[in-house]
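Have a look at the structure below, then the notes.
Take a look at the structure:
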């Protein structure tokens, strides 16, 4: 049994060597994605603790197994319509500079595998945010999926509020 | 059989340096943290050679040599004095007490091994 | 634990410097016990020894002189008078600087360095000045010594041990073995002197050896083998090439020294006459750096016995444990809450068990916390230096007296106390202590005294810095505050309020920029540092008699007792230490003052109300929903305020979770905690809320402070 599983696992490894896996999700009606290796876990939204004097895109903090982690509204961060957080929404927990950070998204769509060559550069558009936050785009099932540049979206956590 | 060295020095740095050099050169290394500790450990370790510092709390190096030389059966074990004092009178005093030889700090690997070789015949 | 040998060295240096400081402080205090002097000598000596191993020449050279002077003291050749003690204290400071430079890089003040060396050399016996230590550091003009030709020579060696040799543990056999590594060796025993059995004395030596060695090595290498038995044997070494070799060597030497050849043939220059020892020593110098790096691979495994039965533990492990215990306590309260919510008739047994669980968890927590606790002694010892330096920079005389050095405080607290204490002490010397003549004129001793003490006081740590100087010059302080626009001209302030003006940002009373002040840091920085530790600082002053700074700190940074309250539908925690009293208010207790100010009347006194929700920006300041509950808090200045919250739940110990790295600094919020239901609650900083609040009715000190920040 065990050896079979290993063999199968090995096959997958070979197949995926040239490919990357991304998790796609919706934010304010638009499709975005993050590399699967950037994501620590995905949780259902539950009310967070508000941080006084926080900017619009910082929803607050939540308890992730004893750690206090900040939660950002991706939509507000991208300058889109703010997400009305509800139980249907999800929090994508990622690690930025080694620290966990939660990102509120409308919903998670699927895991997509794509070849590196399929990633296209972001065409120049007249929006600073877009150019900074979007690393590239991919076409998947006739829709455009934007690859998020995590480091640009969440700069050093200390500066998160400034 | 590895040559057994008992090093007596109150400086952790020197002990670690000795340990690194001696273990790499294939000696069996034991250490004591001051003179009293060294004399106490002597019987348990039964070393082939003793390396001792001079300036130490609780019995200095001269005291160590005197006590070890006083123990009859152990009187022949080579004792090397490890010291920054290169002054001749320091060596003379150590030798009068019964030291076999000396190693001047800072020592390098070669001179340490060379000194050990001359008193134990150990081949490193 | 990682740790190369060099790391070990610097770690050990810290301990040695501490021991040295402690000894010197005792000596300064009049304790001239030989063992104390010995201990200092050993500390300096060990630093020198270790530094030598790593080729830290400057450190070695300085430690050597320092040590030499101590040796003189030890041997009663030099008297420990005040002047020498002062010099030694300055040298010990400099030695720790040199260690720091060796570790972290940077430079030291060369002039200062040279002055200290000159000072030390005054006490050094010229003959004892051991220059054998210098050559590796000096690197002066090198004498081109003749290179030994790679030519094979045959040495005839006669070796006859004297009986003294056998008492030293030297064995001829091992010496021969070492010789044989230089080349083929022929050993012939000469037993001709052996007497008849009857005449033989057991401890005498009768044997001699004739050795023939063929080697490319120079004669000095052979002499080196016999180094240890020099003077304990009759030894002659003759080589077939001796004559030529000597001639070549002399010619080279003479060339180097510019001496005409013939005269000195029979009388070679003295330094080179010395036998073997010179061979091993110079070899040591070019190597240390390489050795240190190769030694790095060896870990600390070789350390088999420690001086004390202590355990060195990675701080990270302790912190992980502390976190885990914190979780345990949170877990307990969650469990308790869920059990309480159960629909069970009789919970008594469960509750008893739960109580036991809670007590155990607390015990574990206290135990774990105590691992992080350390005595303040090393910190206090460092402060003595600050006072010394500050005194000499301001031409004043001051000594530091410490008390309660064994009081244990959380490691982080100790680390973060260093800067504020340094600043307060510098200030005390600079602004508090008067010039010696002035002191004398008013009947004080010429030496000012600063008393630094630590003590435990009902669950917190109290650090007090008390000087016997002039005290706060209140009229001057007030005038400056007015000049700088920190308070209105007509402000009526109590003495205590004036004293606390010193903590206002940017406040500095120095009329001229001295060496110590004028660095752009004021007492406000001190206050911020203390507040960041969850502590409070207060100053009280007695004109002409001196000032006292009192710092109250939490025992640990990991837990605290808090009041759980509701503010704008959020659960928050207020530190118990800042709450004087809690009360439910009724409408008739609230009095309006001006357009937006409100005062709470408590037993005839009026106290400004600060609505926490509005201060935190969680509610419109003008909303008319009356908060029902008030927390009476008192600031350091003694100013009382009433914090209005929606409700009070209970009082409990909470685990502090830092928000550092989670989000930036939030005004009014000190940290966060996790409550029994798993939710995060903000831990409030009442002082900060009051400072940020715009609803305080009276123009209190805090209000001025916020204005000062804003302007």
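Residue numbers (the working numbering), protein chains in the order written: chain A, 256 to 417; chain B, 27 to 150; chain C, 3 to 713.
Where is the CB? At the ideal position from N, CA and C, for every residue including glycine.
Keep in mind it's a predicted model, so treat the numbers as computed, not measured.
Beta-carbon contacts of residue i that lie in its chain and below 6 Å, excluding the five residues immediately before and after
{"i": "residue 409(A)", "result": "351, 356"}
{"i": "residue 397(A)", "result": "none"}
{"i": "residue 615(C)", "result": "569, 570, 621"}
{"i": "residue 618(C)", "result": "670"}
{"i": "residue 552(C)", "result": "466, 540"}
Own chain, CB closer than 8 Å to residue i, minus 5 neighbours either side, in chain order
{"i": "residue 234(C)", "result": "163, 164, 166, 167, 170, 172"}
{"i": "residue 679(C)", "result": "336, 339"}
{"i": "residue 447(C)", "result": "441"}
7 Å Cβ cutoff, residue i in contact with chain C
{"i": "residue 304(A)", "result": "yes"}
{"i": "residue 138(B)", "result": "no"}
{"i": "residue 290(A)", "result": "no"}
{"i": "residue 316(A)", "result": "yes"}
{"i": "residue 307(A)", "result": "yes"}
{"i": "residue 102(B)", "result": "yes"}
{"i": "residue 147(B)", "result": "yes"}
Residue environment, residue i, which counts as buried when at least 16 other CB atoms sit within 10 Å
{"i": "residue 56(C)", "result": "buried"}
{"i": "residue 109(C)", "result": "exposed"}
{"i": "residue 95(B)", "result": "buried"}
{"i": "residue 33(C)", "result": "exposed"}
{"i": "residue 273(C)", "result": "Because the pLDDT of residue 273(C) is 42, which lies under 50, any placement of that residue in the model is unreliable, and the question is left without a value."}
{"i": "residue 274(A)", "result": "exposed"}
{"i": "residue 74(B)", "result": "buried"}
{"i": "residue 67(C)", "result": "buried"}
{"i": "residue 325(A)", "result": "buried"}
{"i": "residue 64(C)", "result": "buried"}
{"i": "residue 347(C)", "result": "exposed"}
{"i": "residue 651(C)", "result": "exposed"}
Residue i at chain A interface by Cβ criterion, 7 Å
{"i": "residue 568(C)", "result": "no"}
{"i": "residue 674(C)", "result": "yes"}
{"i": "residue 612(C)", "result": "no"}
{"i": "residue 618(C)", "result": "yes"}
{"i": "residue 680(C)", "result": "yes"}
Any non-hydrogen atom of the ligand COA within 6 Å of residue i CB
{"i": "residue 183(C)", "result": "Looking for the ligand COA in the displayed structure turns up nothing, as the structure carries no ligands at all."}
Under 7 Å by beta carbon: chain B residues contacting residue i
{"i": "residue 1(C)", "result": "Given that chain C is displayed from residue 3 to residue 713, the structure contains no residue 1(C) and the question cannot be resolved."}
{"i": "residue 51(C)", "result": "37, 40, 110, 131"}
{"i": "residue 48(C)", "result": "36, 37"}
Interface flag, residue i vs chain B, CB-CB below 7 Å
{"i": "residue 14(C)", "result": "yes"}
{"i": "residue 536(C)", "result": "no"}
{"i": "residue 498(C)", "result": "no"}
Cβ neighbours of residue i in the same chain (closer than 7 Å, five flanking residues each side left out)
{"i": "residue 330(A)", "result": "282, 283, 336, 337, 338"}
{"i": "residue 630(C)", "result": "586, 587, 648, 649"}
{"i": "residue 75(C)", "result": "39, 82"}
{"i": "residue 365(A)", "result": "279"}
{"i": "residue 673(C)", "result": "658, 659, 660, 661, 685"}
{"i": "residue 43(C)", "result": "69, 72, 73, 76"}
{"i": "residue 141(B)", "result": "106, 127, 129"}
Contacts of residue i in chain B (Cβ-Cβ under 8 Å)
{"i": "residue 28(C)", "result": "Near residue 28(C) there are no residues of chain B at all, since even the closest Cβ is about 16 Å away, more than 8 Å."}
Proximal chain C residues relative to residue i, where beta-carbon distance stays under 9 Å
{"i": "residue 378(A)", "result": "The premise fails here: residue 378(A) is roughly 34 Å from chain C at the closest Cβ pair, so nothing lies under 9 Å."}
Contacts that residue i makes with chain C (C-beta to C-beta distance below 8 Å)
{"i": "residue 87(B)", "result": "Residues of chain C passing the Cβ test: none, with the nearest at roughly 12 Å."}
Amino acids of chain A, ordered along the chain, whose beta-carbon sits closer than 7 Å to that of residue i
{"i": "residue 669(C)", "result": "308"}
Beta-carbon neighbours of residue i, restricted to chain A and to distances below 8 Å
{"i": "residue 22(C)", "result": "Chain A residues near residue 22(C): none, gap ~39 Å exceeds 8 Å."}
{"i": "residue 363(C)", "result": "Going along chain A, no residue has its Cβ under 8 Å from residue 363(C), so there is no contact; the nearest lies around 15 Å."}
Contact list for residue i against chain A, beta-carbon separation under 9 Å
{"i": "residue 683(C)", "result": "304"}
Return the residues of the segment 54 to 80 of chain C that lie within a Cβ-Cβ distance of less than 7 Å from chain B, sorted by chain order.
54, 55
Going along the segment 319 to 343 of chain A in order, which residues come within less than 9 Å of chain C, judged by CB to CB distance?
320, 321, 322, 323, 324, 325
Taking any Cβ of chain C, which residues in the segment 48 to 72 of chain B have a Cβ under 9 Å from it, in chain order?
48, 49, 50, 55, 56, 57, 58, 59, 60, 63, 67
Residues within the segment 214 to 229 of chain C neighbouring chain B, beta-carbon criterion of under 8 Å
226, 227, 229
Which residues, taken in chain order from the segment 569 to 595 of chain C, show a beta carbon closer than 7 Å to some beta carbon of chain A?
572
Return the residues of the segment 647 to 662 of chain C that lie within a Cβ-Cβ distance of less than 9 Å from chain B, sorted by chain order.
none
Can you list, in chain order, the residues of the segment 452 to 484 of chain C whose Cβ is nearer than 9 Å to any Cβ on chain A?
none
To be precise: take each residue of the segment 325 to 357 of chain C, compare its Cβ to all Cβ atoms of chain A, and keep it if any distance is under 8 Å. Which residues remain?
325, 328, 329, 332
If contact means a Cβ-Cβ distance below 8 Å, which residues of the segment 98 to 118 of chain C contact chain B?
none
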